[in-house]
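Engineer: One structure follows; several queries about it will come next.
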Amino acid sequence: MKTIIITGMSGAGKSQAIQILEDLGYFCVDNIPPQLMVTFINLCQQSATEIEKIALVTDVRGDVFLEGKDTLLAEYKQSKDDIRMIFLDARDEILVARYQETRRDHPLTDSTGNLIEAIRQERIRLEHFREIADEVIDTSDIKVRELKQQLIKVAEADRDNSKPKVKIYSFGFKYASPMGADYVFDVRFLPNPFYKKELRNLTGEDQLVRDYVMSFREAQIFYDKLEALMTFVIPQFAKVSKNTVEIAIGCTGGQHRSVTFAWLLNKALKEKGYETSLKHRDIKRNRLDH
67 MKTIIITGMS GAGKSQAIQI LEDLGYFCVD NIPPQLMVTF INLCQQSATE IEKIALVTDV
127 RGDVFLEGKD TLLAEYKQSK DDIRMIFLDA RDEILVARYQ ETRRDHPLTD STGNLIEAIR
187 QERIRLEHFR EIADEVIDTS DIKVRELKQQ LIKVAEADRD NSKPKVKIYS FGFKYASPMG
247 ADYVFDVRFL PNPFYKKELR NLTGEDQLVR DYVMSFREAQ IFYDKLEALM TFVIPQFAKV
307 SKNTVEIAIG CTGGQHRSVT FAWLLNKALK EKGYETSLKH RDIKRNRLDH
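Numbers 67 to 356, taken from my numbering, label the letters of the sequence shown in order.
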């Protein structure tokens, strides 16, 4: 029996996710405390009616994420090959905007007093589940149809623990640092192509920009060390049942240097046989306010 567990931040799209999985033929149950999930999964497996796939949602509602309550579920998940956990996340400002738009109360508002603090407390409580999740999906900038595509990919994928998947993304520090990445690298110490008139409107996806960035000895030294570190550390995650590694590389605006390094690292890891995804978070941002 294939099992998908949906968890993550309130307002990140868990309700949409469970509806999508229900349309895909999953037997879906919302708002199950983590300490009851193992019992429920076992009951489904023992049911006289054959249940081939289930999807369960758990979160902070009901204040069930008390210390130690998630341990049994985490240990059970790591011992099974047919359970995948998906963690839905979004940037704080996006979560705030969604709650303001819907005029709903955050589950922790009563105990924390305000929305910002509720979101901060929720991140702390869910930190362990984010760490053990097979997939982390950031819904900040995606539409429901894009979420559906990602969930279909997860639902249909054959589980392979031999090599973790690698998510690489570039970003601009001026537009806020990323949250939740396993590794964050800063390449702002390198000369900025923005100040070269002929390169200003290009990006690290253009060969001219990559040639300029990598023409500096410091850039090549840093990249060699970065690739060597990732080549060593990524396989280690498979040993602790972590199936996705997130790598974020930032520069000032997220258009030139960070895109160059993310592009090169993605290419290198693909050639080493890793399943990778590459996203340039801020590549289309307005650069006139640099």
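The beta-carbon is built from N, C-alpha and C at its ideal position, and this holds for glycine as well.
(1) For a quick check, are the C-beta atoms of E341 and K262 less than 9 Å apart?
(2) When you compare only the Cα positions, how much space is there between L358 and L174?
(3) Could I get the ranges of all uninterrupted beta strand (DSSP E) runs contained in the stretch 243–313, with 3 residues as the minimum, in chain order?
(4) Where does L174 sit, in a helix, a strand or coil, going by DSSP?
(5) Alpha carbon to alpha carbon, how far is R186 from D176? Give it in angstroms, no decimals.
(6) Counting pairs of Cβ atoms below 8 Å between the stretch 317–334 and the stretch 277–285, do you hit three or more?
(7) Would you call the stretch 202–212 in contact with the stretch 266–282, where contact means no fewer than 3 C-beta pairs closer than 8 Å?
(8) Give me, in chain order, the residues of the same chain whose beta-carbon lies closer than 7 Å to that of I117; leave out the 5 immediate sequence neighbours on both sides.
(9) Taking C-beta to C-beta, are I198 and V123 nearer than 9 Å?
(10) Three-state secondary structure (DSSP) at L90?
(11) My output table needs one value for H194: the three-state DSSP class, helix, strand or coil.
(12) Which residues in the same chain have their Cβ closer than 8 Å to the Cβ of T318, if we skip the five residues on either side of it in sequence?
(13) What are the boundary residues of the alpha helix (DSSP H) that includes K336?
(14) In the DSSP assignment, what residue or residues form a beta bridge with C317?
(15) How is K350 classed by DSSP in three states: helix, strand or coil?
(16) Between which residues of its own chain and R225 is the CB-CB distance below 6 Å, once the five residues before and five after are set aside?
(17) Between I234 and K345, is the Cβ-Cβ spacing less than 9 Å?
(18) Assign I190 to buried or exposed, taking buried as 16 or more other Cβ atoms, counted over all protein chains shown, within 10 Å of its Cβ.
(19) Going by the CB atoms, is the gap between L87 and A140 shorter than 9 Å?
(20) Nearest-angstrom Cα distance between I349 and Q101?
(21) If you count every other CB in all the chains shown that lies within 10 Å of the CB of G128, and 16 or more means buried, which is it?
(22) On a Cα-Cα basis, can you pick out the residue from F153, R164 and R351 that is closest to N267?
(23) Per DSSP, what are the beta-bridge partners of E201 in this structure?
(24) Would you kindly work out how many angstroms separate the C-alpha atoms of S206 and E188, rounded to a whole number?
(25) Is DSSP giving I218 helix, strand or coil here?
(26) If you draw a straight line from the alpha carbon of L256 to that of W329, how long is it in whole angstroms?
(27) With which residues is L122 paired in a DSSP beta bridge?
(28) Can you tell me which of R347, D89, T69 and T73 puts its alpha carbon nearest to the alpha carbon of Q215?
Structural biologist: Taking the definition as stated:
(1) no
(2) Because the chain spans 67 through 356 in this model, residue 358 falls outside it and cannot be assessed.
(3) 249–252
(4) coil
(5) 14 Å
(6) yes
(7) no
(8) M67, F93 and C110
(9) no
(10) coil
(11) helix
(12) G238, F239, K240, R254, N258, F260 and H356
(13) R323 to E337
(14) G238
(15) coil
(16) Low confidence applies to R225: its pLDDT is 49, below 50, so where it sits in the model is not reliable, and the reading given next is rough at best. Once the five neighbours on either side are set aside, the close Cβ partners of R225 are D147.
(17) yes
(18) exposed
(19) no
(20) 42 Å
(21) Any reading at G128 must be qualified, since the residue scores a pLDDT of 45, below 50, and its modelled position is unreliable; the value itself is stated next. The residue in question, G128, is exposed, as its Cβ has fewer than 16 Cβ neighbours within 10 Å.
(22) R351
(23) I152
(24) 17 Å
(25) helix
(26) 16 Å
(27) I71 and V95
(28) D89
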